[in-house]
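Chemist:
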Ligand SMILES: Cc1cc2nc3c(=O)[nH]c(=O)nc-3n(C[C@H](O)[C@H](O)[C@H](O)COP(=O)(O)OP(=O)(O)OC[C@H]3O[C@@H](n4cnc5c(N)ncnc54)[C@H](O)[C@@H]3O)c2cc1C
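Structure below.
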């Protein structure tokens with residue numbers, strides 16, 4: 039089974055800065071990590087490959103430093119890594135991000151399954167998986183907590199608000215996974231060293247994608263941020279309520295009313 043996994047690099051810090059002209063985060067200025075849930079997407083793909091054989095390609099769109107997350111994915115055991123990195127991709131909202139990823143996936147052409155995380159740690163929109171499925175005209179099975187392949191069908195257990203649903207689809211398919219689907223493996227030191235010393239990462243620019251470049255980056259992004267601000271964290275003091283439960287409960291209700299929370 040040929041699987042494509044989309045992974046994102048996210049800031050590893052609250053110490054962030056903004057480009058006020060575009061309303062976007064200055065990613066070069068922050069430390070960065072692999073989006074935590076994308077470790078689960080990689081683990082899901084690796085588990086399926088162990089069960090059924092196949093080939094795993096990971097794609098990330100981001101600045102040159104996003105190579106780091108692809109090295110991590112190579113260390114975990116994927117077969118091929120592709121970085122979409124070009125000025126033309128900069129300023130992309132979720133639509134332009136999904137469009138660029140879909141162009142890369144169309145270029146790869148051969149795949150049975152695309153796996154994304156349910157949401158990122160920074161943007162948290164959960165848009166990219168479903169939008170990607172639309173661009174690729176694929177059935178989408180979202181927020182999966184279990185994946186099984188039976189003959190030519192894929193079955194997933196999908197977490198919904200008050201329980202689970204069992205869904206099935208034919209290949210090719212796009213699946214988004216939740217955090218509880220698995221426990222991501224920790225690569226050995228040797229595998230990490232190999233990922234840095236032995237493995238190649240393909241870098242694809244906008245012009246490599248044989249597509250309408252108008253759809254990339256800021257040009258292809260209908261979202262316009264009106265303003266951005268960093269919320270100041272209030273340094274509050276804790277009030278500890280002591281005494282008999284009926285007295286402290288009354289006081290708690292009063293406090294919540296004073297704060298407009300009841
Ligand atoms: C006006 C505007 C300008 C922006 N400019 C920039 C910019 O210049 N640079 C920038 O980095 N961000 C920019 N962003 C943010 C960017 O649009 C989002 O980070 C991106 O679309 C992913 O959205 P999300 O974080 O909500 O991901 P979600 O949809 O929550 O992510 C779900 C899953 O999609 C996949 N995924 C998401 N993003 C990527 C990716 N980049 N590569 C591979 N897989 C991915 C992963 O599997 C992830 O787990 C901008 C946003 C706006 C609104």
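In our numbering, the protein residues as written are 39 to 300. Note that beta-carbon positions come from the ideal geometry of N, C-alpha and C, so glycine has one too. These numbers come from a predicted model, not from an experiment.
1. Return yes when the Cβ of residue 178 is within less than 8 Å of the Cβ of residue 186, no when it is not.
2. CB-CB under 7 Å to residue 253, same chain, minus the five flanking residues each way: which ones, in chain order?
3. Kindly indicate which residue of 73, 71, 120 and 46 has the alpha-carbon position closest to the one of residue 244.
4. List in chain order: all unbroken beta strand (DSSP E) runs of 3+ residues lying wholly within the stretch 210-246.
5. Does the beta-carbon of residue 139, which I'm using as the reference point, lie nearer than 7 Å to any heavy atom of ligand 2?
6. Flag residue 111 as yes when its Cβ comes closer than 7 Å to any non-hydrogen atom of ligand 1, and as no otherwise.
7. Consult DSSP for residue 137 and reduce its assignment to one of helix, strand or coil.
8. Identify the continuous alpha helix (DSSP H) that holds residue 90 and give its terminal residues.
9. Here's the rule: buried if 16 or more other CB atoms are within 10 angstroms of the residue's CB, otherwise exposed. What is residue 265?
10. Name the DSSP beta bridge partners of residue 40, please?
11. Could you check how far apart the C-beta atoms of residue 28 and residue 99 are, in whole angstroms? I think they sit under 8 Å.
Modeler: By the coordinates alone:
1. The residue you call residue 186 lines up with position 148 of the chain shown. The residue you call residue 178 lines up with position 140 of the chain shown. Taking 8 Å as the Cβ cut-off, residue 186 and residue 178 do not qualify as a contacting pair.
2. Reading the chain shown from its first residue, position 215 is the one you call residue 253. Result list for residue 253: 134 and 137, in chain order.
3. Residue 244 sits at position 206 when you count from the first residue of the chain shown. Ranked by how close their Cα comes to the Cα of residue 244, the residues 73, 71, 120 and 46 have 120 in first place.
4. Entirely contained in the stretch 210-246, the beta strand (DSSP E) runs reaching 3 residues are, in chain order, 211-215 and 240-242.
5. Although ligand 2 was asked about, the structure shown includes only ligand 1 as ligands.
6. In the chain shown, the residue the question calls residue 111 occupies position 73. Answer for residue 111: no, Cβ out of range of ligand 1.
7. Reading the chain shown from its first residue, position 99 is the one you call residue 137. The answer is helix: DSSP assigns residue 137 an H, G or I state.
8. Residue numbering aside, residue 90 sits at position 52 when the chain shown is read from its first letter. First-last of the alpha helix (DSSP H) with residue 90: 74-90.
9. Position 227 of the chain shown, counting from 1, holds the residue named residue 265. Burial call: exposed.
10. The residue labelled residue 40 in the question sits at position 2 within the chain shown. Answer is 93.
11. Limits of the chain in this structure are 39 at one end and 300 at the other, which puts residue 28 out of reach.
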